[in-house]
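Notes to accompany the following structure.
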Amino acid sequence: MTLCTLRRSMLFLPASSAAMLSTAFVHRPDSIMFDLEDAVALREKDSARLMMFHALRNPVYRELETVVRINPLATPFGLPDLEAAVRAGADVIRLPKTDTAADLLELEAQVERIEMVCGRPRGSTRLMAAIESASGVVNAVAIAMASPRLMGIALAGFDYVVDMQTERGDGTELFYARCAVLHAARAAKIDAFDVVFGDLDDEAGFIREAELARRLGFNGKSLINPRQIELLHNVYAPTAAEAAHAGKVLAAADAAERDGLGVVSLNGKMIDAPIINRARRVLQLAATSGIRR
Amino acid sequence: MEIVQAAMAGTLESSDLLVKVSPHDEGRLELVVSSQVMRQFGGQIRRVALETLARLEVEAGLVVIEDKGALDCAIRARIQAAVLRAARCQELDWRVLA
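Laid out in structure tokens, this is it:
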């Protein structure tokens, strides 16, 4: 079994900010997302695009998964953003405001064209869809299955609650959307990312929301401040008991394989492939995140 | 690339730089660099700036850089942004910008 790429933390980085571009990689999020959309003023779009283009070519960003949130393709900025991001070697393109599978297919066709023109291996640019509206949530399954390039879908809470004529609260307002996006992602065998938590001073609230996202099954969250990375990684770290049990599961599986036994058991309970895979993931998380404090 | 108007890009925030580009009165290329780290990195900043301007084929213009400790990638990006604005250039050739 191949262990999956950890994507607990996806740190937003306004591509117009030289200070953040100079330091963001130090904080070691699982992915860094260069934002060319909402975090960049209209008159700075050109400069931010060039900042992203050159930062991505800097060796310090080659060791992290890099994501670029482009402007929607319907705007004058979307296509130049995409040209720059694909040519600079971005691992993933995040499409904002994805309402239908057709939005993603349009993006896929443009990415394919740019890869051919610039000589980048075909298929090497992955895609992520951000769902930010009721239409996007309703179409989540079709979106999730639209392209083999799609590595994940993300729920974007702020625009979604506006579209739903409500506001951020205790999470009830996002419950259906979270479940719909998550089920679409799991059905398509891709990753799912939870919303940004905007109140940087509410650490307890952030941890509560991160715990909820983890229990529901999200791979991780989009983050807006490096301070949230360690908190989030700790939420995703297994407990000492979980890590110890995972070690016993794998030891039992190894012993059964060594002895040529078809059935694996631990303390009288049968262990099947999903449990073994889950144990491997727990140990992967323990190796990366440590043990939960 | 011909500089046809005054333009600037960047900021004076830490780790950034402000680049001002304008037509030159005498029709030549003049680069003025000031930096908090001039003694240590002044030569490197000038080298990156001149190389970036050469790739853009800027042969005349006044380019003034106020550096606040920017990385080379930020220097390239801000100079390119300022020059493209000053040249009123909309068509980007990413092979040249790379």
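Read top to bottom, the protein sequences are chains A and B.
To get this note's numbering, take the position in the first sequence, counting from 1, and add 786.
To get this note's numbering, take the position in the second sequence, counting from 1, and add 45.
Virtual Cβ for every residue (Gly too), placed ideally from N, Cα, C.
Inter-residue spacing [alpha-carbon to alpha-carbon] between Met787 of chain A and Asn1063 of chain A: Below a pLDDT of 50, predicted positions are generally treated as unreliable, and Met787 of chain A, at 43, falls in that range; the measurement from the model is reported next regardless. Approximately 8 Å, taken between the alpha carbons.
Whole beta strand (DSSP E) elements within the segment 818-865 of chain A, 3-residue minimum: Taking only runs of at least 3 residues, the beta strand (DSSP E) segments lying wholly in the segment 818-865 of chain A are 851-855.
Under 7 Å between C-beta atoms of Met819 of chain A and Val853 of chain A: Yes.
Span of the alpha helix (DSSP H), counted from its first residue to its last, around Met931 of chain A: Annotation for Met931 of chain A: no alpha helix (DSSP H) segment contains it, and DSSP assigns it neither H nor E.
Distance CB(Phe1095 of chain A)-CB(Ala940 of chain A) smaller than 7 Å: The first residue shown for chain A is 787 and the last is 1079, placing residue 1095 of chain A beyond what the model contains.
Coarse secondary structure for Glu111 of chain B, derived from DSSP in three states: Of the three classes helix, strand and coil, the one that applies to Glu111 of chain B here is strand, per DSSP.
N- and C-terminal bounds of the beta strand (DSSP E) containing Lys1007 of chain A: Per DSSP, Lys1007 of chain A belongs to the beta strand (DSSP E) from 1006-1009.
In chain order, each beta strand (DSSP E) run of at least 3 residues that lies wholly inside the segment 930-1016 of chain A: You should have 936-941, 977-980, 1006-1009.
Unbroken beta strand (DSSP E) run spanning Glu75 of chain B, endpoints: Run containing Glu75 of chain B: 74-80, per the beta strand (DSSP E) assignment.
Alpha-carbon to alpha-carbon, Ala895 of chain A and Arg140 of chain B: Cα atoms of Arg140 of chain B and Ala895 of chain A: separation of roughly 21 Å, rounded to the nearest angstrom.
Supposed contact pair Ala887 of chain A and Ala932 of chain A - C-beta distance, whole angstroms, cut 8 Å: Going by Cβ atoms, the distance from Ala932 of chain A to Ala887 of chain A rounds to 4 Å, so yes, they are a contact pair.
Neighbouring residues, chain A, relative to Glu58 of chain B (Cβ below 9 Å): Those are Ser803, Ala804, Ala805, listed as they occur along chain A.
Among A:Ala928, A:Phe961, A:Ala1027, A:Gly1006, the one whose alpha carbon lies nearest that of His1019 of chain A: Considering only alpha carbons, the answer is A:Gly1006.
DSSP state of Gly106 of chain B mapped onto helix, strand, coil: Gly106 of chain B: strand per DSSP, three-state reduction.
Short Cβ contact (7 Å threshold) for Leu836 of chain A with Ala122 of chain B: Ala122 of chain B sits close to Leu836 of chain A, with the two beta carbons spaced by under 7 Å.
Where the alpha helix (DSSP H) containing Pro1060 of chain A begins and where it ends: Taken as a continuous stretch (DSSP letters only), the alpha helix (DSSP H) holding Pro1060 of chain A covers 1059-1075.
Pro1060 of chain A burial status per 10 Å Cβ neighbour count (16 or more: buried): Classification of Pro1060 of chain A: exposed, given that the 10 Å Cβ count is below 16.
Leu998 of chain A versus Ala801 of chain A - alpha carbon distance: Going by C-alpha positions, Leu998 of chain A is about 30 Å away from Ala801 of chain A.
Helix, strand or coil at Ile48 of chain B [DSSP, three-state]: Reduced to three states, the DSSP call for Ile48 of chain B is coil.
Chain-order list of residues whose beta-carbon lies under 6 Å from that of Lys65 of chain B (same chain, five-residue window excluded): Closer than 6 Å at the Cβ level, and outside the excluded window around Lys65 of chain B, lie Met53, Val109.
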